[in-house]
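These notes are about the structure you will find just below.
In the numbering used here, the protein residues as written are 2 to 695.
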């Protein structure tokens with residue numbers, strides 16, 4: 002127990018503005034590690050590399066546990082400290098200064114903090130009413146230092162004074178912190194006004210007094226009740242991280258790494274000021290002896306994995322991890338590595354797996370955080386300047402990010418609806434169309450604001466692909482092909498589906514065109530009203546001629562005989578032929594109209610022929626008209642049966658006309674005038690344009 006007992010010492014923890022001492026004993030059991038050998042578990046954590054003393058010997062000599070197989074070995078405590086069964090606060094700053102005897106036993110080479118004389122510092126009286134620094138109260142106190150609020154009488158202002166508490170190591174640590182912090186002059190780094198000696202000859206660091214809240218307090222207020230952060234809160238925390246990056250970028254340019262960035266060490270002022278505090282565990286990256294410094298420093302809940310190997314393994318990218326881990330806490334409400342037993346926290350710090358932010362934050366910000374907190378330094382941002390640029394890019398493009406988040410919700414609904422398509426539900430199809438329109442508009446608006454936003458571009462691609470699948474499902478091939486043209490690099494499988502649909506549509510189109518040609522050949526209707534108007538004009542003309550003949554016949558001035566009837570037949574055939582010639586394009590446009598045209602020719606020929614025969618036989622005028630009624634009936638009946646059933650009306654008109662003229666022969670011409678108009682009107686209605694409903 003001799004060597005182990007020497008390691009039971011005060012470990013310095015800093016938290017907030019004050020400090021506290023935790024006395025940690027060796028009699029500790031690492032509970033909850035399963036049945037794996039302790040050496041294997043610790044090798045997994047990469048905490049035994051470079052140890053000169055075998056693991057088994059260290060346990061046998063240094064452990065006071067009943068079950069040595071589950072004990073943490075002595076070499077680990079030089080870096081980590083020994084947690085007892087009550088969980089050590091993993092959110093407190095760890096600074097382990099191992100005594101020289103223990104380092105010799107464990108072959109440690111961590112350098113001592115050099116003792117520097119402070120004789121050149123001026124002495125300042127503290128505490129008295131007439132002293133330069135009049136103490137007004139205590140801001141915080143711990144095992145190694147106290148931070149006091151004091152009035153600096155010469156300038157009439159309040160300042161913060163940090164002094165060690167009766168400990169040479171504390172005095173040396175304070176001198177080192179003061180000199181390091183004093184070398185940094187940046188708006189986000191608390192200025193050190195002066196380093197002096199108090200009445201007891203101990204160093205005192207005089208600093209600017211800050212007014213505001215710690216970042217942790219702001220985080221706890223924002224996450225009170227477990228509510229998800231709104232956009233303004235996210236923006237506010239990201240801006241704090243940007244300010245930290247600015248401060249660290251300046252510090253790194255001076256070859257100084259902070260190594261303990263966390264919400265407790267950040268102060269947020271009332272007017273948006275941000276200060277990075279507590280540079281007590283910072284290291285100089287260009288120090289010649291840093292490669293031998295294996296001290297474990299920092300805060301376990303936020304540590305970068307390389308910090309577990311000591312300050313010899315850190316660089317500027319360690320602070321990149323710490324800023325990312327602190328912003329993770331601000332945005333999720335939980336420390337990056339959690340809390341609880343320090344062994345568990347260290348295990349999580351060593352693994353540092355990516356975090357799924359999809360339910361909490363915009364994807365773009367989650368990508369930034371996971372890259373900043375990558376396990377391997379090479380996978381992180383190369384420096385805090387690059388991290389700052391990524392965070393500022395998020396702030397510049399947060400409108401595009403918000404639009405993309407809304408559009409993404411529509412996209413997910415669209416994809417689910419398209420995948421669930423089953424029947425031809427018109428309401429569901431209209432809903433899909435509306436959802437697709439909203440999603441596409443949202444992504445395109447985001448890309449208009451932020452052309453390089455990969456998430457919006459990917460969302461637009463998925464929206465177009467889902468819309469193409471929807472159009473293919475409802476066989477709207479033209480729309481699917483148009484959407485496919487909008488994709489920059491469509492998937493080959495999707496292109497193949499659209500091309501196959503186009504081929505099927507073309508094949509169906511050939512069939513449809515054939516059917517359409519057959520339909521056009523079988524329809525008696527015309528393309529416009531010219532045919533109908535021509536037929537109405539023809540009916541009116543012949544009604545007028547017959548009415549005139551009726552008037553002449555009634556006057557007795559002219560005797561109507563078979564020759565007059567022949568002349569009327571020739572005139573009717575001539576005028577009808579002229580009318581047919583005028584509208585021949587309409588009557589020749591399809592098969593059924595061409596057939597009707599030939600039927601008209603046959604009718605006119607039959608009418609002229611029978612009247613010529615009547616002249617030879619010297620048949621009377623009225624008897625010849627009776628034969629005309631029969632020829633007209635046969636013509637209209639055959640046409641109605643073959644061409645258009647509506648023409649049966651015209652056939653019926655001819656029957657009625659024949660009966661009336663036989664019953665009232667005196668009015669034969671008057672009846673014929675009415676009948677010829679009605680027949681032409683019926684045919685005119687039958688050939689009206691197709692656009693008119695039947």
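A virtual CB, placed ideally from N, CA and C, is assigned to each residue, including glycine.
Boundaries of the alpha helix (DSSP H) in which residue i is found, first to last residue
i: residue 215; result: No alpha helix (DSSP H) holds residue 215; the beta strand (DSSP E) holding it covers 213-215.
i: residue 459; result: 455-474
i: residue 573; result: 563-583
i: residue 541; result: 531-556
i: residue 443; result: 427-450
In DSSP terms, what residue i is bridged to
i: residue 139; result: 149
i: residue 484; result: For residue 484, which the question treats as bridged, DSSP gives no partner whatsoever.
i: residue 679; result: The partner list for residue 679 (beta bridge, DSSP) is empty, contrary to what the question assumes.
i: residue 258; result: 284
i: residue 383; result: According to DSSP, which records beta bridges pairwise, residue 383 is partnered with nothing at all.
Rounded straight-line distance, which links the Cα of residue j to that of residue i
i: residue 687; j: residue 534; result: 12 Å
i: residue 385; j: residue 246; result: 5 Å
i: residue 249; j: residue 264; result: 15 Å
i: residue 201; j: residue 229; result: 52 Å
i: residue 198; j: residue 134; result: 11 Å
i: residue 402; j: residue 457; result: 8 Å
i: residue 132; j: residue 207; result: 14 Å
i: residue 468; j: residue 400; result: 25 Å
i: residue 326; j: residue 240; result: 15 Å
i: residue 605; j: residue 635; result: 12 Å
i: residue 542; j: residue 648; result: 21 Å
i: residue 658; j: residue 645; result: 21 Å
i: residue 149; j: residue 361; result: 40 Å
i: residue 690; j: residue 574; result: 26 Å
i: residue 293; j: residue 220; result: 37 Å
i: residue 353; j: residue 252; result: 25 Å
i: residue 464; j: residue 485; result: 11 Å
i: residue 614; j: residue 598; result: 25 Å
i: residue 291; j: residue 364; result: 38 Å
i: residue 554; j: residue 620; result: 17 Å
i: residue 47; j: residue 309; result: Reliability of the predicted coordinates at residue 47 is poor, the pLDDT of 37 falling under 50, and the value obtained from them is presented with this limitation in mind. Rounded to the nearest angstrom, the two C-alpha atoms are 8 Å apart.
i: residue 94; j: residue 222; result: 23 Å
i: residue 442; j: residue 408; result: 8 Å
i: residue 656; j: residue 505; result: 53 Å
i: residue 434; j: residue 490; result: 23 Å
i: residue 496; j: residue 507; result: 16 Å
i: residue 147; j: residue 165; result: 6 Å
i: residue 188; j: residue 305; result: 26 Å
i: residue 672; j: residue 581; result: 25 Å
Proximal residues to residue i (C-beta, below 6 Å), its chain only, five neighbours per side dropped
i: residue 472; result: 480 and 481
i: residue 182; result: 193 and 280
i: residue 681; result: 536, 539 and 540
i: residue 576; result: none
i: residue 439; result: 411
i: residue 1; result: Residue 1 lies beyond the stretch modelled for the chain, which goes from 2 to 695, so this question has no answer here.
i: residue 694; result: Residue placement at residue 694 cannot be trusted, given a pLDDT of 40 that sits under 50; what the coordinates show is reported in the next sentence. No residues qualify anywhere along the chain.
i: residue 570; result: 608, 609 and 612
i: residue 641; result: 648, 649 and 652
i: residue 450; result: 400 and 401
i: residue 397; result: none
i: residue 563; result: 615, 616, 620 and 625
Delimiting residues of the beta strand (DSSP E) encompassing residue i
i: residue 399; result: Residue 399 -> not in any beta strand (DSSP E); alpha helix (DSSP H) instead, spanning 399-420.
i: residue 277; result: 275-277
i: residue 647; result: No beta strand (DSSP E) holds residue 647; DSSP gives it neither H nor E.
i: residue 232; result: Taken as a continuous stretch (DSSP letters only), residue 232 belongs to no beta strand (DSSP E), being part of the alpha helix (DSSP H) at 232-254.
i: residue 362; result: Premise fails: residue 362 is in no beta strand (DSSP E) and is neither H nor E.
i: residue 196; result: 193-198
i: residue 158; result: 158-165
i: residue 704; result: Since the displayed the chain opens at 2 and closes at 695, residue 704 lies outside it and no answer follows.
Beta-carbon proximity list for residue i, same chain, < 7 Å, skipping 5 on both sides
i: residue 382; result: 321, 372, 373, 388 and 391
i: residue 498; result: 473
i: residue 346; result: 91, 301, 302, 338, 339 and 340
i: residue 470; result: 419
i: residue 685; result: 533, 536 and 537
Cβ neighbours of residue i in the same chain (closer than 8 Å, five flanking residues each side left out)
i: residue 212; result: 270 and 271
i: residue 395; result: 239, 363, 365, 366, 369 and 402
Which complete alpha helix (DSSP H) runs does the stretch 260-348 hold, if anything under 4 residues is left out? 317-333
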